[in-house]
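Below is one structure; the comments refer to it alone.
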Amino acid sequence: MAALETVIGLEVHVELGTKTKIFCSCAVAFGAPPNSRVCPVCMGSPGALPVLNEQALALGIRAALALGCSVPAQSKFDRKNYFYPDSPKAYQISQYDEPIGQHGFIEIEIAGEKKRIGVTRVHLEEDAGKLSHSPYGEASFVDLNRVGIPLLEIVSEPDLRSAEEARLYLEEIRSILQYCLVSECKMEEGSLRCDANISLRPMGQREFGTKTEIKNMNSFRNVQRGLEYEQARQAGLLARGERVVQQTLRWDEATGATLAMRSKEDAHDYRYFPDPDLPRFALSAAYIAARSQEIPELPAKRRERFEREYGLPAYDAGVLTASRGLAEFFEQTAQRVRDPKTASNWIMGELLAHLKAATLEIAEIQVTPFALAELISLIEDGTISAKIAKTLLKDMLDSGKDAKTLIAEQGLVQISDEGELREIALRVLAANSKSVDDYRAGKEKALGALIGQVMKETRGKANPQIVNRVIVQLITDKG
Amino acid sequence: MDFFSGIEELRAGLAKREVTATELADLSLRRIAALDDRVHAFLRVSANRDHRVANMDNPAAVTAAANKPAAGAANTPAGARMLDGIPYALKDNMCTQGIETTCGSRILQGYIPPYSATAVERLNAAGAVLMGKLNMDEFAMGSSTENSGFFSTRNPWDLERVPGGSSGGAAAAVAAGMVPFALGSDTGGSIRQPAAFCGVVGLKPSYGLVSRYGLVAFASSLDQIGPLTHSVADAAIVLQAIAGRDRRDSTSADIQPPDYRAALTGDVRGLRIGIASEYFGPSVEVGVRETVTKAIALLEQLGATVSSVSLPATEYALAAYYLIAPAEASSNLARYDGVRYGLRAGAAENLLDMYEKTRSSGFGPEVKRRILIGTYALSAGYYDAYYKRAQQVRTLIRQDFSNAFASVDVIVSPTAPTTAFRLGEKVQDPLTMYLSDICTIPVNMAGLPAISVPCGMIAGLPVGLQLIGRMFDEETLLRVAHAYEQAAGMAPLRPDLAGEVEV
Chain A
511 MAALETVIGL EVHVELGTKT KIFCSCAVAF GAPPNSRVCP VCMGSPGALP
561 VLNEQALALG IRAALALGCS VPAQSKFDRK NYFYPDSPKA YQISQYDEPI
611 GQHGFIEIEI AGEKKRIGVT RVHLEEDAGK LSHSPYGEAS FVDLNRVGIP
661 LLEIVSEPDL RSAEEARLYL EEIRSILQYC LVSECKMEEG SLRCDANISL
711 RPMGQREFGT KTEIKNMNSF RNVQRGLEYE QARQAGLLAR GERVVQQTLR
761 WDEATGATLA MRSKEDAHDY RYFPDPDLPR FALSAAYIAA RSQEIPELPA
811 KRRERFEREY GLPAYDAGVL TASRGLAEFF EQTAQRVRDP KTASNWIMGE
861 LLAHLKAATL EIAEIQVTPF ALAELISLIE DGTISAKIAK TLLKDMLDSG
911 KDAKTLIAEQ GLVQISDEGE LREIALRVLA ANSKSVDDYR AGKEKALGAL
961 IGQVMKETRG KANPQIVNRV IVQLITDKG
Chain B
126 MDFFSGIEEL RAGLAKREVT ATELADLSLR RIAALDDRVH AFLRVSANRD
176 HRVANMDNPA AVTAAANKPA AGAANTPAGA RMLDGIPYAL KDNMCTQGIE
226 TTCGSRILQG YIPPYSATAV ERLNAAGAVL MGKLNMDEFA MGSSTENSGF
276 FSTRNPWDLE RVPGGSSGGA AAAVAAGMVP FALGSDTGGS IRQPAAFCGV
326 VGLKPSYGLV SRYGLVAFAS SLDQIGPLTH SVADAAIVLQ AIAGRDRRDS
376 TSADIQPPDY RAALTGDVRG LRIGIASEYF GPSVEVGVRE TVTKAIALLE
426 QLGATVSSVS LPATEYALAA YYLIAPAEAS SNLARYDGVR YGLRAGAAEN
476 LLDMYEKTRS SGFGPEVKRR ILIGTYALSA GYYDAYYKRA QQVRTLIRQD
526 FSNAFASVDV IVSPTAPTTA FRLGEKVQDP LTMYLSDICT IPVNMAGLPA
576 ISVPCGMIAG LPVGLQLIGR MFDEETLLRV AHAYEQAAGM APLRPDLAGE
626 VEV
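Protein chains in written order, with the numbering used here: chain A, 511 to 989; chain B, 126 to 628.
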């Protein structure tokens, strides 16, 4: 049997970062008591009418442009009709045949090669409510707080060829939208959601194989895991001469498997038609140009620039540009120190470890880029040792105080005074004559022990280079 | 003094303290009490005297509305309290905060809206006093008010006949002098046709002139709220109070309404009237045709010129309307599922069963018929042939009017092809019933303003003259209708109902 090629397309929903809902003035707020962020409009009360939130439109257009889409001169909203208690109007206001963006693309880097992934379309729509079911089975509960939260749906071309490509594409989408301040894109919190279509076909065949759709992959890791599982499942079926059944599957994280939700026969006829409550709207060239102006330097561009401008390795540039906040933190730090690579090391090492351990975002920590740059400068000019700096950074993160304040409080200034160090060294040499003899006998290791003793005496404040020189000098002179 | 004398006279009486607002409200209640057992115009009366839906009363509404305007009701033109102390009633498809609103449907029985419609807020701000909610065809689908989920309203001119519909309760209540004016809604003729049948003035404003916020939707691209009154001047006053931009309705037009009363000059010299043969087809009764022709002759005597215009797409209007309106309705009415408000059928086995039982028992046959038609018209594979095609017809109808208005200022026609028919006469034959709106439907399809004014009587039943105007040119429409009304000298029409009550 011929080798198989995997074909994947993703359908991504992101919540737009507006203050209010897309068609009413209810606040967008998480964790509010059920049905407390609702009004006649989002509850679908008889007679209530939608009014488009201009901020949602602006963010949607900004995102469409950032994803390389062409934006039409006018657009409209349509009704997607279906009966379900999460939809109080029994239709969702969405966009059907005239989305706000089409024919876009983004680039991902796979095995060192750039690859272009097509974005078929992006469109605006409203979110639905949340259902929960009584554990006793006698009732279901509807929370309409989420109804009307603005969503952007982003549909990719079937250009992805592996689960890893799918994850990379999704991560790049997240970066771009975060850079543009369109959405927080937190998958775990549901502000970014991803459904996938996947099929296999013999290598070289043009026609697509039978596809399945996977839902409920609620983390980047699960998107890759879910697709890898489904890829293997379909390959197994085909290898045994069986057929893939077109159906919708649910990824179950606990068992690490996909489970059938519904078959194609259950497919809805949504009876789309233009929403008569929302007039067609024009998108002038000036309006589109203004949205375009709002787009900052995007991650791919910034990666290249970091490599070029700061001489960073590709790996560092990739990590540091993953989020706009991190990239800006690095850049503001790097501009204030002698060696940008040192800044990169500190951020990628100590800082990211702290963020991960404390599950914080870069914007949430107490240390500013200025404070980190100052700390690095203090190492560069010999005021403190790198070792002390590590401890200091921890204190800075905990207390929010800057390095100089902490150094003063703790008396941590590095001892570089040769006279002072000489006196300490003399005491150490006198008390460790065996080590002195060993060194004289050619045991280089003994020198380290002697330096260590001086460092101990000074509680780490001694400048190790000077200590080294002083000890060697003393031993040699005496000898 | 009674409600036939017009809003201006009532206001003058109030100003001179010949009568008080409380006395006017009381007069309204007494007339309702005396007459509505026979007319059946009201679903709910805003006081304890109500005799039908006692538990849904809200006596506080009368005093509250009389005492202070609703907060936040903006954009009321100069003379903000121009309806101060004037009683009125509302078709029951306009939301009233705290007062049951059923849309004439069992499925909304017991539904208390959490907010009031913009038009209602504006009337409250202008000082008008709500007396009650009026019967209607269920969800405004019908031309006789026989499709009400509760009972049929009678025509005050002949209690064996229908008042027209779907604003039949509004037309009958005004015609019987129970209130000086009422608000109705017009999707395909639902203000004008009952106004014609009951001998009152009915105005359908341009689409977008009056906010639809709080009007329970039937067909969103066609629905429009408007007044039913005893005179054209009253229609102008009420329109003034409710017209104008509302940010809560995206289809509301961003225009500053002119002073409509100032348009009532009585002068139609030089006015160009268009007659379209399409509105005088075989379905129009001979008597109606003759009466309308006489009315046109009177306008000519007043100095208007008459010429013929062509509206060739008219013959497709009814068919296109019965695709677009049901299509929108099928989506608008999908929310009545028993989950959140109104009727919920008991003993359901699961969600789907609950939906089916609720909707099967809550909706009447005409509403079901239109939901089915609309669902079919929007279905995959049929959309292009039905809904899309109907929208193309709509464009043709608009173009027809636009061409016609290049050479005339108003188009004149009968409002309805017949006078009021007998109760039960057309219930079994929906297609014949649909023909009642043949002269009014094209106007909604084009979004234009139109008014029906009484122009004569046939065998004791009123006939309506329809005037159609340019988009947002209510001024010309009101001017011509007023000039005609003054010259004809028949307004206000008073049906002969025993048990008259006066102040």
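Cβ atoms here follow ideal geometry from the backbone N, Cα and C, with glycine treated the same way.
Source: prediction; values computed, not measured.
Select from Gly554/A, Ile571/A, Gln963/A and Gly958/A the residue whose C-alpha is nearest the C-alpha of Pro582/A. Ile571/A
For Gly339/B, return the contacting residues in chain A, with the cut-off set at a CB-CB distance below 8 angstroms. Gly557 and Ala558
Below 8 angstroms CB to CB, which residues in the same chain sit around Glu674/A once its five sequence neighbours on both sides are set aside? Ile620 and Gln734
What do you reckon, is the C-beta of Ala844/A under 7 angstroms from a heavy atom of the ligand SAH? The ligand SAH is absent from the structure shown, which contains no ligands of any kind.
Selection of the segment 595 to 629 of chain A by Cβ proximity to chain B, strictly under 9 angstroms: Pro595, Ser597, Pro598, Lys599, Ala600 and Tyr601
Closer than 7 angstroms at the beta carbon, the chain B residues around Val561/A: Arg372, Arg373 and Ser375
Where Asn655/A and Gln612/A are concerned, what is the direct C-alpha to C-alpha distance, given to the nearest angstrom? 30 angstroms
Give a yes or no on whether 8 angstroms exceeds the smallest Cβ distance from Asn200/B to chain A. At Asn200/B the pLDDT is 40, less than 50, meaning the model places this residue with poor confidence; the figure from the coordinates comes in the next sentence. No - not a single Cβ of chain A is within 8 angstroms of the one on Asn200/B.
Quick one: what's got a C-beta closer than 8 angstroms to Arg163/B's C-beta in the same chain, skipping five residues either side? Arg279, Leu284 and Leu622
Closer than 8 angstroms to chain B by CB, Phe651/A: no
Under 7 angstroms by beta carbon: chain B residues contacting Gly554/A: Arg460
Hey, Glu635/A and Gln602/A: beta-carbon distance below 8 angstroms or not? Their beta carbons are under 8 angstroms apart, which means Glu635/A touches Gln602/A by this criterion.
Output needed for Leu916/A: all residues of its chain with C-beta closer than 8 angstroms, excluding positions within five of it in sequence on either side, in chain order. Leu902, Asp905, Met906, Ser909 and Leu922
Three-state secondary structure (DSSP) at Phe167/B? strand
Would you list the residues sitting across from Asn707/A in a DSSP beta bridge? DSSP, once it has assigned bridges, lists Gly519/A and Glu723/A as partnering Asn707/A.
Can you tell me whether Phe540/A is buried or exposed, with buried defined as 16 or more other CB within 10 angstroms of its CB? exposed
Candidates Thr390/B, Gly257/B and Ala250/B: closest to Ala366/B by CA position: Ala250/B
Under 8 angstroms, do Leu168/B and Thr221/B count as touching if we go by C-beta distance? Not closer than 8 angstroms, so no.
What does the Cβ neighbour count give for Gln715/A, buried or exposed, with the cut at 16 atoms within 10 Å? Result: exposed.
From Pro850/A to Tyr825/A, what distance separates their C-alpha atoms? 14 angstroms
Which residue from Gly467/B, His355/B and Ala575/B puts its Cα closest to that of Leu618/B? His355/B
Beta-carbon separation (whole angstroms), Leu560/B vs Ser377/B, contact threshold 8 angstroms: At roughly 32 angstroms, the Cβ-Cβ gap does not stay under 8 angstroms, so Leu560/B and Ser377/B are not in contact.
Rounded to whole angstroms, how far is the Cβ of Gly252/B from the Cβ of Gly210/B, which I believe are closer than 8 angstroms? 6 angstroms
List the residues that DSSP assigns as beta-bridge partners of Arg547/B. According to DSSP, Arg547/B bridges with Arg286/B.
Thinking C-alpha only, which one of Ile536/B, Gly594/B and Thr439/B is nearest Gln517/B? Thr439/B
Cross-strand partners of Thr758/A (DSSP beta bridge): Glu723/A and Arg772/A.
In angstroms with no decimal places, state the Cα-to-Cα distance between Ala422/B and Pro556/A. The alpha-carbon atoms of Ala422/B and Pro556/A are separated by roughly 45 angstroms.
Please identify the residue among Thr390/B, Arg247/B, Leu208/B and Leu255/B whose C-alpha is closest to the C-alpha of Asp217/B. For Asp217/B, the closest C-alpha among the options Thr390/B, Arg247/B, Leu208/B and Leu255/B is that of Leu255/B.
Is there a Cβ of chain A sitting closer than 8 angstroms to that of Val464/B, yes or no? yes
State the DSSP-derived secondary structure class of Val665/A, mapped to helix, strand or coil. strand
Please state if the CB of Gly229/B and the CB of Gly274/B are separated by a distance shorter than 8 angstroms. yes
Contact between the segment 948 to 962 of chain A and the segment 142 to 154 of chain B (3+ Cβ pairs under 8 angstroms): The segment 948 to 962 of chain A, when compared against the segment 142 to 154 of chain B, does not touch it at the 8 angstroms Cβ threshold.
For Pro239/B, return the contacting residues in chain A, with the cut-off set at a CB-CB distance below 7 angstroms. For a Cβ distance threshold of 7 angstroms, residue set Pro550 and Ser555 of chain A lies close to Pro239/B, ordered along the chain.
Quick one: list the residues of chain A neighbouring Ser346/B, beta-carbon separation under 7 angstroms, in chain order. Pro786
Do the CB positions of Phe533/A and Pro550/A come within less than 8 angstroms of each other? no
Extent of the continuous alpha helix (DSSP H) run through Lys419/B: That run of the alpha helix (DSSP H) goes Val411 to Gln426.
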